[in-house]
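S.K.: Quick one: this structure, given as structure tokens, is what I'll be asking you about.
Residue numbers (this note's numbering): 83 to 269.
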């Protein structure tokens, strides 16, 4: 049986899945083997959604599925060093800079909408990264606190806002509630 048949995953939309999107994700219990199986399955599902949507990152709040009553604390985001994605389980913010920048973001929950949002220039996370079907503790740094915006650190800011955007989802915070402003986007 395929993952799609087993879980019926789909992108959660604000109009139909507000309760799911606004739910704070619960931590994955790393001592339960079936929850670790869910992590593996969700990682594959998230990877497929990244490949088939315009999303730059994705959290379990973005994917409505039939396995749990609330989203799990899992996100699939760009790795800060390697040019690939990483599945982070139970991510927590360890440090954020007070310096901010304004990002322009979209969200799969709000098709055809764009948002301007203030984000921290730097964030350090801890959690567990899935590697070869095992979870390893990690600390990852996104962004920079350098004062000069150069082409090199422009990419660092992009990964910093992607991670903060997905962390907001895991807390049940919607982009529309954090935005400085919003605008319509043509397909």
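Ideal Cβ positions, reconstructed from N, Cα and C, are used throughout, including at glycine.
May I have a chain-ordered list of the beta strand (DSSP E) segments no shorter than 3 residues that lie completely inside the stretch 87-130?
M.R.: You should have found no qualifying run.
S.K.: For residue 228, which three-state DSSP category applies?
M.R.: Numbered from its first residue, the chain shown carries residue 228 at position 146. Correct three-state label for residue 228: coil.
S.K.: Do residue 240 and residue 206 have their CB atoms nearer than 8 Å?
M.R.: Position 158 of the chain shown holds residue 240. Position 124 of the chain shown holds residue 206. Cβ atoms of residue 240 and residue 206: not closer than 8 Å.
S.K.: Could you tell me the boundaries of the beta strand (DSSP E) in which residue 195 lies?
M.R.: Residue mapping note: residue 195 aligns to position 113 of the chain shown, counting from 1. Per DSSP, residue 195 belongs to the beta strand (DSSP E) from 195-202.
S.K.: Hey, how far is the Cα of residue 107 from the Cα of residue 165?
M.R.: Taking the first residue of the chain shown as position 1, residue 107 is located at position 25. Taking the first residue of the chain shown as position 1, residue 165 is located at position 83. Going from the Cα of residue 107 to the Cα of residue 165 covers about 27 Å.
S.K.: Pull the bridge partners of residue 218 from the DSSP assignment, please.
M.R.: Along the chain shown, one-based indexing puts residue 218 at 136. In the DSSP output, where bridge partners are listed per residue, residue 218 has 211.
S.K.: When you compare each of 215, 92, 104 to residue 118 by their alpha carbons, which one comes out closest?
M.R.: The count along the chain shown starts at 1 and reaches residue 118 at position 36. When only C-alpha atoms are compared, the closest one is 215.
S.K.: Count the C-beta pairs between the stretch 184-202 and the stretch 241-249 that are closer than 8 Å, then say yes if the count reaches three, no if not.
M.R.: These segments touch.
S.K.: To the nearest angstrom, how far is the alpha carbon of residue 267 from that of residue 151?
M.R.: Taking the first residue of the chain shown as position 1, residue 267 is located at position 185. Taking the first residue of the chain shown as position 1, residue 151 is located at position 69. Residue 267 and residue 151: Cα-Cα distance of roughly 32 Å.
S.K.: Excluding the 5 residues preceding and the 5 following residue 110 in the sequence, name in chain order all residues of the same chain whose CB lies nearer than 7 Å to its CB.
M.R.: Residue numbering aside, residue 110 sits at position 28 when the chain shown is read from its first letter. Correct list, in chain order: 117, 121, 154, 155, 156, 171, 172.
S.K.: To which residues of the same chain is residue 126 closer than 7 Å at the C-beta, ignoring the five residues directly before and after it?
M.R.: The residue you call residue 126 lines up with position 44 of the chain shown. If we look at residue 126 and ignore the five residues flanking it on each side, its Cβ neighbours are 85.
S.K.: Is it buried or exposed, residue 184, if we count other Cβ atoms within 10 angstroms and call 16 or more buried?
M.R.: Translated into the one-based positions of the chain shown, residue 184 becomes position 102. Exposed, by the Cβ-count rule.
S.K.: Here's a check: name, in chain order, each residue in its chain whose Cβ is nearer than 7 Å to the Cβ of residue 190, leaving out the five neighbours to either side.
M.R.: Here the question's residue 190 lines up with position 108 in the chain shown. Taken in chain order, the residues that qualify are 93, 135, 137, 144.
S.K.: In chain order, what residues of the same chain have a beta carbon less than 6 Å from the beta carbon of residue 130, not counting five sequence neighbours either side?
M.R.: Position 48 of the chain shown, counted from the first residue, corresponds to residue 130. Same-chain partners within the cutoff: there are none.
S.K.: Considering residue 176, what are the terminal residues of the beta strand (DSSP E) in which it resides?
M.R.: For the purposes of this step, residue 176 is taken as the residue at position 94 of the chain shown. Taken as a continuous stretch (DSSP letters only), the beta strand (DSSP E) holding residue 176 covers 167-178.
S.K.: Determine, using beta carbons only, whether residue 219 and residue 147 come nearer to each other than 8 Å.
M.R.: Translated into the one-based positions of the chain shown, residue 219 becomes position 137. Translated into the one-based positions of the chain shown, residue 147 becomes position 65. Against a cut-off of 8 Å, the Cβ pair of residue 147 and residue 219 comes out as no contact.
S.K.: For the candidate residues 226, 142, 194, whose alpha-carbon lies nearest to that of residue 264?
M.R.: Residue mapping note: residue 264 aligns to position 182 of the chain shown, counting from 1. Residue 264 has its Cα closest to that of 194, out of 226, 142, 194.
S.K.: Where do the ends of the alpha helix (DSSP H) carrying residue 259 lie?
M.R.: For the purposes of this step, residue 259 is identified with residue 177 of the chain shown, where counting begins at 1. 257-260 is the span of the alpha helix (DSSP H), which, as asked, contains residue 259.
S.K.: Would you mind stating whether residue 192 and residue 257 have Cβ atoms separated by less than 8 Å?
M.R.: The residue you call residue 192 lines up with position 110 of the chain shown. The residue you call residue 257 lines up with position 175 of the chain shown. Contact flag set, yes.
S.K.: Under a Cβ-count criterion, where at least 16 other Cβ atoms within 10 Å of its own Cβ denotes burial, should residue 98 be classed as buried or exposed?
M.R.: Residue mapping note: residue 98 aligns to position 16 of the chain shown, counting from 1. So residue 98 ends up on the exposed side.
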